[in-house]
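Heads up, the thing below is written out as structure tokens.
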Amino acid sequence: MAALFDDQAVDRWTPLRAPFDQAAARAYLDQARRRRAHGARLQLAITTDGLQPLGEILLFPTGAGGEVELAYAVGAAHRRRRLAVRAVQLITAWAYDSLGATRVILRIPPGNAASTAVARSAGFELTTAPPISREGARDPLHTWLHRRAGQPATG
Numbered sequence: 572m573a574a575l576f577d578d579q580a581v582d583r584w585t586p587l588r589a590p591f592d593q594a595a596a597r598a599y600l601d602q603a604r605r606r607r608a609h610g611a612r613l614q615l616a617i618t619t620d621g622l623q624p625l626g627e628i629l630l631f632p633t634g635a636g637g638e639v640e641l642a643y644a645v646g647a648a649h650r651r652r653r654l655a656v657r658a659v660q661l662i663t664a665w666a667y668d669s670l671g672a673t674r675v676i677l678r679i680p681p682g683n684a685a686s687t688a689v690a691r692s693a694g695f696e697l698t699t700a701p702p703i704s705r706e707g708a709r710d711p712l713h714t715w716l717h718r719r720a721g722q723p724a725t726g
């Protein structure tokens with residue numbers, strides 16, 4: 572994890588701060604296990620072979636009925652391979668089909684061009700909802716909504 576997430580882009584756009592060393596990775600994994608045990612969050616490795624982690628994707632309920640939020644990060648050496656797009660597409664379909672989610676959202680700072688491109692490529696649209704502030708985020712976050720085929724347009 573330290574090799575993946577000790578990166579200025581990860582530091583800039585996610586709550587994970589550099590330096591992200593082995594101690595930070597252990598603390599992060601411990602927190603992930605606690606959240607998963609309480610049903611608060613699902614964190615999965617992004618891989619191409621089922622073994623080597625190239626990034627991660629998270630899914631968690633927002634508190635609004637049927638709504639889940641996704642977040643992701645891909646290690647610098649593995650970017651520009653559409654890994655985040657594919658991971659977002661897979662977990663979005665899983666959220667609808669297995670969890671019965673009615674809304675799947677992303678929250679992206681306006682200056683994060685890479686995540687904006689991932690959102691668009693994965694079928695998400697920027698909503699008209701006002702930006703939100705969140706602990707650990709340096710910038711206000713804009714809401715992106717995935718619209719499943721046949722789903723009505725909403726802001």
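Mapping of the sequence shown onto the working numbering: residues 572 to 726, in sequence order.
Glycine included, C-beta positions come from ideal geometry on N, C-alpha and C.
Exercise. Going by C-alpha distance, which of D710, A594, D592 and A693 is nearest I662?
Worked result: Against the sequence shown, residue 662 aligns to sequence position 91. Of the listed residues, the one whose Cα sits closest to I662 is A693.
Problem set entry | Residue range of the alpha helix (DSSP H) that includes A655 | For the purposes of this step, residue 655 is identified with residue 84 of the sequence shown, where counting begins at 1. In the DSSP assignment, A655 falls within the unbroken alpha helix (DSSP H) covering L654 to L670.
Problem set entry | Beta-ladder partner(s) of Y599, from DSSP | Along the sequence shown, read from residue 1 onward, the residue named residue 599 stands at position 28. For Y599, which the question treats as bridged, DSSP gives no partner whatsoever.
For this session: Please classify Q593: does DSSP put it in a helix, a strand, or coil?
Result: Along the sequence shown, one-based indexing puts residue 593 at 22. DSSP places Q593 in helix when its eight states are reduced to three.
Exercise. So which of F576, L641 and E638 has the shortest CA-CA distance to R597?
Worked result: By one-based count along the sequence shown, residue 597 stands at place 26. Nearest to R597 by alpha-carbon distance, out of F576, L641 and E638, is F576.
Exercise. Ends of the alpha helix (DSSP H) at L575?
Worked result: Within the sequence shown, the letter at position 4 stands for residue 575. Per DSSP, the continuous alpha helix (DSSP H) segment holding L575 begins and ends at A573 to F576.
Exercise. Rounded to the nearest angstrom, how far is the Cβ of L677 from that of L641, given a contact under 8 Å?
Worked result: Within the sequence shown, residue 677 is the residue found at index 106, counting from 1. Within the sequence shown, residue 641 is the residue found at index 70, counting from 1. Rounded, the Cβ-Cβ distance is 6 Å, consistent with contact.
Exercise. Mind checking whether R657 and L716 have CB atoms under 8 Å apart?
Worked result: Position 86 of the sequence shown, counted from the first residue, corresponds to residue 657. Position 145 of the sequence shown, counted from the first residue, corresponds to residue 716. Not a contact, by the Cβ cut-off of 8 Å.
Problem set entry | Pairwise C-alpha distance: I679 and R705 | By one-based count along the sequence shown, residue 705 stands at place 134. By one-based count along the sequence shown, residue 679 stands at place 108. Here the C-alpha atom of R705 lies approximately 11 Å from the C-alpha atom of I679.
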